[in-house]
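When you line the sequence shown up against full-length UniProt numbering, it's residues 1 to 273, in that order.
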Amino acid sequence: MNYVSEHPQDNTPGVNMNLSAQPIKMRGEKVSVFYGAKQALFGVDLDIPEKMVTALIGPSGCGKSTFLRSLNRMNDTIEGCRVEGKITLDNEDIYDPKIDVVELRARVGMVFQKPNPFPKSIFDNVAYGPRIHGLVKDRTDLEETVITSLKKASLYEEVKDRLHDAGTGLSGGQQQRLCIARAIAVSPEVILMDEPCSALDPIATAKIEELIDELRQNYTIAIVTHSMQQAARVSQKTAFFHLGNIVEEGETEAIFTAPKEKRTQDYITGRFG
Ligand SMILES: Nc1ncnc2c1ncn2[C@@H]1O[C@H](COP(=O)(O)OP(=O)(O)OP(=O)(O)O)[C@@H](O)[C@H]1O
Ligand SMILES: [Mg+2]
Numbered sequence: 001m002n003y004v005s006e007h008p009q010d011n012t013p014g015v016n017m018n019l020s021a022q023p024i025k026m027r028g029e030k031v032s033v034f035y036g037a038k039q040a041l042f043g044v045d046l047d048i049p050e051k052m053v054t055a056l057i058g059p060s061g062c063g064k065s066t067f068l069r070s071l072n073r074m075n076d077t078i079e080g081c082r083v084e085g086k087i088t089l090d091n092e093d094i095y096d097p098k099i100d101v102v103e104l105r106a107r108v109g110m111v112f113q114k115p116n117p118f119p120k121s122i123f124d125n126v127a128y129g130p131r132i133h134g135l136v137k138d139r140t141d142l143e144e145t146v147i148t149s150l151k152k153a154s155l156y157e158e159v160k161d162r163l164h165d166a167g168t169g170l171s172g173g174q175q176q177r178l179c180i181a182r183a184i185a186v187s188p189e190v191i192l193m194d195e196p197c198s199a200l201d202p203i204a205t206a207k208i209e210e211l212i213d214e215l216r217q218n219y220t221i222a223i224v225t226h227s228m229q230q231a232a233r234v235s236q237k238t239a240f241f242h243l244g245n246i247v248e249e250g251e252t253e254a255i256f257t258a259p260k261e262k263r264t265q266d267y268i269t270g271r272f273g
């Protein structure tokens, strides 16, 4: 199956496609992650190029979420989890004791599989981050930040008349865009998304994919997905994980049209996973 040619409008060659020319926003070097005695990642090296979408693919349990979480130290919140190796953001070691983890997570935001709006109004969901990080000087400033973030998440038009209604009252796809707006509101540099569309219908999924494509103008994105079509449609770089290692990584088009490794070929053609 050729995923890329099904979507000739995407991944247009020449448009911000030269991976090697792109600055590296985040870099993982020899990243190993342990949950207690169990090792989940085995010395993974991966560069996340700036202002591009990097897709992490691979069968269940291969370590995609583990790697993603190590990029903003979400693994720190898991009891017994230990990370070895080096991960940098703009060449700075994010595991350095000097790093303020709260600030790191504002710079490297996260959107989860299941939309998880706070039990608050739409407005307050988006206002939450700017408020706790002290990013706004007054109410007008806050309102502007909320509206801009909702617009960037392509949700504003659908919710502008009910900003003070509960965020949890939105549809699943709208809730996920609300979570993206909430992530954007603190002006992150990197957005991590762990299967952001797996709870959504095809129309809501298409909207999120379109949004991801727009967001890469301004943000660096890493996305975990089980959908090969989605990886081919939204990403410029793909890394194929298997059993805690990266088997192959590179330009998305190359991975999907001419994988070098048999395991990659077998996975993308649906022979296992
Ligand atoms: N909190 C945890 N405690 C113990 N083991 C864990 C924990 N989270 C993940 N693991 C283990 O680490 C390995 C990698 O899991 P991870 O969740 O990163 O995989 P994944 O590729 O995201 O899988 P999926 O596609 O199913 O989400 C698995 O063997 C898993 O059982
Ligand atoms: Mg996962």
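Note that the Cβ used here is the ideal one computed from N, Cα and C, for glycine as well.
Looking at residue i: is its Cβ nearer than 8 Å to the Cβ of residue j?
| i | j | result |
| --- | --- | --- |
| residue 213 | residue 234 | yes |
| residue 102 | residue 192 | no |
| residue 65 | residue 247 | no |
| residue 129 | residue 182 | yes |
| residue 174 | residue 195 | no |
| residue 104 | residue 87 | no |
| residue 142 | residue 127 | yes |
| residue 282 | residue 176 | One cannot answer for residue 282 here, as it falls past the ends of the chain, which runs 1 to 273. |
| residue 211 | residue 154 | yes |
| residue 226 | residue 198 | yes |
| residue 302 | residue 56 | Since the first residue of the chain shown is 1 and the last is 273, residue 302 is not available in this structure. |
| residue 33 | residue 43 | no |
| residue 25 | residue 220 | yes |
In whole angstroms, give me the CA-to-CA distance for residue i and residue j.
| i | j | result |
| --- | --- | --- |
| residue 119 | residue 180 | 16 Å |
| residue 272 | residue 40 | 20 Å |
| residue 7 | residue 209 | The predicted position of residue 7 is uncertain, since its pLDDT is 44 and thus under 50; no value can be drawn from it. |
| residue 267 | residue 222 | 20 Å |
| residue 58 | residue 240 | 5 Å |
| residue 238 | residue 19 | 11 Å |
| residue 263 | residue 156 | 43 Å |
| residue 61 | residue 242 | 8 Å |
| residue 131 | residue 152 | 19 Å |
| residue 125 | residue 137 | 18 Å |
| residue 257 | residue 162 | 46 Å |
| residue 98 | residue 250 | 32 Å |
| residue 114 | residue 204 | 13 Å |
| residue 260 | residue 27 | 23 Å |
| residue 15 | residue 21 | Only weak support exists for where residue 15 lies, its pLDDT of 49 falling under 50; the coordinates are left without a value. |
| residue 90 | residue 185 | 21 Å |
| residue 218 | residue 35 | 34 Å |
| residue 360 | residue 147 | Since the first residue shown for the chain is 1 and the last is 273, residue 360 is missing from the structure and cannot be characterised. |
| residue 49 | residue 78 | 27 Å |
| residue 228 | residue 96 | 35 Å |
| residue 230 | residue 51 | 18 Å |
| residue 252 | residue 29 | 21 Å |
| residue 45 | residue 160 | 43 Å |
| residue 63 | residue 245 | 8 Å |
| residue 1 | residue 206 | Any reading at residue 1 must be qualified, since the residue scores a pLDDT of 48, below 50, and its modelled position is unreliable; the value itself is stated next. Whole-angstrom Cα-Cα distance: 21 Å. |
| residue 283 | residue 169 | What the structure shows of the chain is the stretch from 1 to 273, and residue 283 is not part of that stretch, so it cannot be assessed. |
| residue 270 | residue 236 | 21 Å |
| residue 73 | residue 171 | 30 Å |
| residue 82 | residue 145 | 36 Å |
| residue 164 | residue 265 | 49 Å |
Answer yes or no: the CB of residue i versus the heavy atoms of ligand 1, is any distance below 7 Å?
| i | result |
| --- | --- |
| residue 35 | yes |
| residue 65 | yes |
| residue 38 | yes |
| residue 242 | no |
| residue 62 | yes |
| residue 108 | no |
| residue 226 | yes |
| residue 58 | yes |
Kindly examine ligand 2 and report whether one of its heavy atoms sits closer than 7 Å to the Cβ of residue i.
| i | result |
| --- | --- |
| residue 186 | no |
| residue 76 | no |
| residue 201 | no |
| residue 165 | no |
| residue 194 | yes |
In the DSSP output, what is residue i paired with across the bridge?
| i | result |
| --- | --- |
| residue 54 | 222 and 237 |
| residue 245 | 242 |
| residue 89 | 26 and 92 |
| residue 49 | 24 |
| residue 61 | Answer is none; residue 61 lacks a bridge partner. |
| residue 191 | 109 and 221 |
| residue 33 | 41 and 83 |
| residue 154 | In the DSSP output, where bridge partners are listed per residue, residue 154 has none listed. |
| residue 166 | 121 |
| residue 250 | 238 |
Return yes when at least one heavy atom of ligand 4 lies under 7 Å from the C-beta of residue i, else no.
| i | result |
| --- | --- |
| residue 85 | This structure lacks ligand 4; the ligands present are ligand 1 and ligand 2. |
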